[in-house]
Amino acid sequence: MHATTIILVRKGNKTVIAGDGQVSLGQTIIKGNARKVRRLGKGQVIVGFAGATADAFTLCERLEAKLEQHSGQLLRACVELAKDWRTDRYLRRLEAMMLVADKNAALVLTGNGDVLEPEAASDGVVMGIGSGGNYALAAGRALIDTEMDAETIARRSLHIAAEICVYTNSNIVVETIDSL
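Quick note on this note's numbering: the sequence shown kicks off at 7 and runs consecutively.
And the structure:
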């Protein structure tokens, strides 16, 4: 997926999803302050998306509906969304990826039907998606065992990605949730 960078950092009792604000059309920057990180599920779930904007909004709306349908159970809602995304003729064409988290889980959702939970490490969890996702992921993994908190790691990782990836800027939006 091109034209954005989203990172999730879970460290200590905090989970952070942060994203840059750049929207690109081909090689042209259309907007620099887009909001690709949001709260869903009555504020209990944070989500960041990469990919086609309209597709990502559609998936966020569907995830919100699944959260309501399954009483806020994030894992169950994500599995049901992934099933629909993979099997529904309309949804199958959507081009986006999502990082989602609540107090219990942190997940990656893809259009291939994947609902992936990263391996838990003693020092925390870092996930990245989008064109600069691997740069932010590498920076986050390098910083996770430092004294920095989750938000500082996420912000620093996005700044590093923005220095490398032309589809990522330093206009960062952050959402934080307490984790178990």
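Ideal placement from N, C-alpha and C gives every residue a C-beta, glycine not left out.
- Taking each of ALA24, VAL15 and SER30 in turn and checking the Cα distance to ALA9, the smallest one comes out for SER30.
- Between the alpha carbons of HIS76 and ARG95 lies a distance of about 23 Å.
- Residue pairing by DSSP places LEU31 opposite THR34 in a beta bridge.
- VAL180 and THR93 have their C-alpha atoms some 32 Å from each other.
- In the same chain as ARG82, and ignoring 5 residues on each side of it, the C-beta atoms closer than 7 Å to its own belong to HIS76, in chain order.
- Put simply, of THR182, VAL51 and ILE178 the residue whose alpha carbon is nearest the alpha carbon of LYS42 is ILE178.
- Per DSSP, the continuous alpha helix (DSSP H) segment holding LYS72 begins and ends at 59 to 75.
- Here ASP108 has GLN50, VAL51 and LEU80 as same chain residues with Cβ atoms under 6 Å from its own Cβ, once five neighbours each way along the sequence are excluded.
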